[in-house]
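Asker: Quick one: the structure is below, questions incoming.
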Amino acid sequence: MYPSLIIENDEINLQFPNGTTSTLIPEFAEKHEKLKKEKQHACDQCDYRTDRPVNMRIHVKTHTGEKPYVCHICDYRTIHSSALTKHIRTHTGEKPHACGFCEYRASDPSTLRRHIMYHTGEKPFSCEFCDYRTSNQGSLRSHIRGHTGEKPLVCHVCDYSTGNASHFRSHLRNHTGEQSLACTLCNFRTDVSSKLRRHMKTHTGENPFACNMCNFKTKRRDSLSKHLRTHEINVPLVPLPPEVKLEPGPYTEL
1 MYPSLIIEND EINLQFPNGT TSTLIPEFAE KHEKLKKEKQ HACDQCDYRT DRPVNMRIHV
61 KTHTGEKPYV CHICDYRTIH SSALTKHIRT HTGEKPHACG FCEYRASDPS TLRRHIMYHT
121 GEKPFSCEFC DYRTSNQGSL RSHIRGHTGE KPLVCHVCDY STGNASHFRS HLRNHTGEQS
181 LACTLCNFRT DVSSKLRRHM KTHTGENPFA CNMCNFKTKR RDSLSKHLRT HEINVPLVPL
241 PPEVKLEPGP YTEL
């Protein structure tokens, strides 16, 4: 469930469902209470809250397993009509939504908005407990569970549980062998979201990792680390022959 506030002796504490507490500074406490008031509809099975009844009805289906929207081409089922529309476009190849910064195209508006945030650097979703910000609402939910300690996502094959949705999906693929993350511009597929993000940069031309000693730029952090080593002076020490004598000086004295 959602964490609650406890005020004792002018100290404001946040109590988590697992019994742990954390002291809040006043502005975070006020923000926490404001968010609770704005999102009055609370799920009784997890920490999800919303200000819209229709969102709650959709969310409850994630617990009941109900998936009323069915693909007529394959056996895909979902709780969202919009998700079905997006899925059907994986069959038709339709990508009507185009990025204004690069050649990327998306099958739905929400995917395009998330993509554009990589260009703009916009991070509209912020944690109420710390200064973490992100462009992805799902990432924020997973992050908040790091504060609460909740792990509502449980594997049906083994005893693995987590509060991070992307970690959970990645874990399930260990059982199925599925590579469900696909590039929208070519036939590249992977089961790791970070690999897909890195691959997408091969299409956008983005090189975010830059050397501070020259104009070298790269898409990969490990490539930058390798490049930086080329600037290091690594001359092997070779013993001098005995007939060579060095006069003491600033470069020979320790």
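Numbering of the sequence shown is given in full-length UniProt numbering, commencing with residue 1 and proceeding in unit increments. The beta-carbon is built from N, C-alpha and C at its ideal position, and this holds for glycine as well.
If you draw a straight line from the alpha carbon of residue 213 to that of residue 118, how long is it in whole angstroms?
Answerer: Computed Cα separation, rounded: 26 angstroms.
Asker: Can you tell me which of the three DSSP states residue 86 falls into?
Answerer: Three-state result, residue 86: helix.
Asker: In or out: residue 106 buried (at least 16 other Cβ within 10 Å) or exposed?
Answerer: Residue 106 is buried by the Cβ-count criterion.
Asker: Below 8 angstroms on the Cβ atoms is my contact criterion, and I expect residue 142 with residue 165 to pass it. Report the Cβ-Cβ distance as a whole number of Å.
Answerer: Sure, about 6 angstroms apart at Cβ, within 8 angstroms.
Asker: Compute the beta-carbon to beta-carbon distance between residue 42 and residue 49, rounded to the nearest angstrom, for a pair I have assumed lies under 8 angstroms.
Answerer: Confirmed, about 5 angstroms.
Asker: Count the other C-beta atoms from every protein chain shown that fall within 10 angstroms of the C-beta of residue 101, then say buried if there are 16 or more, exposed otherwise.
Answerer: Its Cβ having fewer than 16 others within 10 Å, residue 101 is exposed.
Asker: Need the endpoints of the alpha helix (DSSP H) that residue 140 sits in, please.
Answerer: Segment 137 to 148, the alpha helix (DSSP H) holding residue 140.
Asker: So who's on the other strand from residue 161, going by DSSP bridges?
Answerer: The partner list for residue 161 (beta bridge, DSSP) reads 154.
Asker: By how many angstroms is the C-alpha of residue 46 removed from the C-alpha of residue 220?
Answerer: The straight-line gap from Cα to Cα measures roughly 37 angstroms.
Asker: How would you label residue 162, buried or exposed, when you count the other beta carbons within 10 angstroms and need 16 or more for buried?
Answerer: Per the 10 Å Cβ criterion, buried.
Asker: Rank 130, 159, 228 and 210 by C-alpha distance to the C-alpha of residue 146 and give the top, closest one.
Answerer: Nearest C-alpha to residue 146: 130.
Asker: Between the Cα of residue 193 and the Cα atoms of 203, 168 and 207, which residue gives the shortest distance?
Answerer: Residue 193 has its Cα closest to that of 168, out of 203, 168 and 207.
Asker: For residue 175, name the three-state secondary structure that DSSP assigns.
Answerer: The answer is helix: DSSP assigns residue 175 an H, G or I state.
Asker: Which residues does DSSP list as the beta-bridge partners of residue 133?
Answerer: Residue 133 pairs with 126.
Asker: Could you check the C-alpha separation between residue 230 and residue 216 for me, to the nearest Å?
Answerer: Between residue 230 and residue 216, the C-alpha separation is close to 11 angstroms.
Asker: If distances are taken between C-alpha atoms only, which option among 152, 122, 99 and 76 comes closest to residue 111?
Answerer: Ranking the options by Cα distance to residue 111, first place goes to 99.
Asker: In the structure shown, what three-state DSSP assignment does residue 69 receive?
Answerer: Strand, per DSSP.
Asker: Buried or exposed: which applies to residue 148, given that a residue is buried once 16 or more other Cβ atoms fall within 10 Å of its Cβ?
Answerer: Buried, since its Cβ has 16 or more Cβ neighbours within 10 Å.
Asker: Assuming residue 53 is part of the alpha helix (DSSP H), what are its boundary residues?
Answerer: Taken as a continuous stretch (DSSP letters only), the alpha helix (DSSP H) holding residue 53 covers 53 to 64.
Asker: Just list the residues that DSSP pairs residue 92 with in beta bridges.
Answerer: According to DSSP, residue 92 bridges with nothing at all.
Asker: Does the beta-carbon of residue 175 have 16 or more other beta-carbons within 10 angstroms, so that it is buried, or is it exposed?
Answerer: With fewer than 16 other Cβ atoms within 10 Å, it is exposed.
Asker: Hey, out of 225, 122, 138 and 144, whose CA is closest to residue 128's CA?
Answerer: Closest option to residue 128, Cα to Cα, is 144.
Asker: Is the Cβ-Cβ distance between residue 79 and residue 58 less than 8 angstroms?
Answerer: Going by C-beta atoms, residue 79 is nearer than 8 angstroms to residue 58.
Asker: For residue 188, which residues in the same chain have their Cβ closer than 8 angstroms to its Cβ, ignoring the five residues on either side in sequence?
Answerer: Closer than 8 angstroms at the Cβ level, and outside the excluded window around residue 188, lie 182, 196 and 199.
Asker: For residue 156, count neighbouring C-beta atoms within 10 Å of its own C-beta (all shown protein chains included) and say buried if the count is 16 or more, exposed if not.
Answerer: With fewer than 16 other Cβ atoms within 10 Å, it is exposed.
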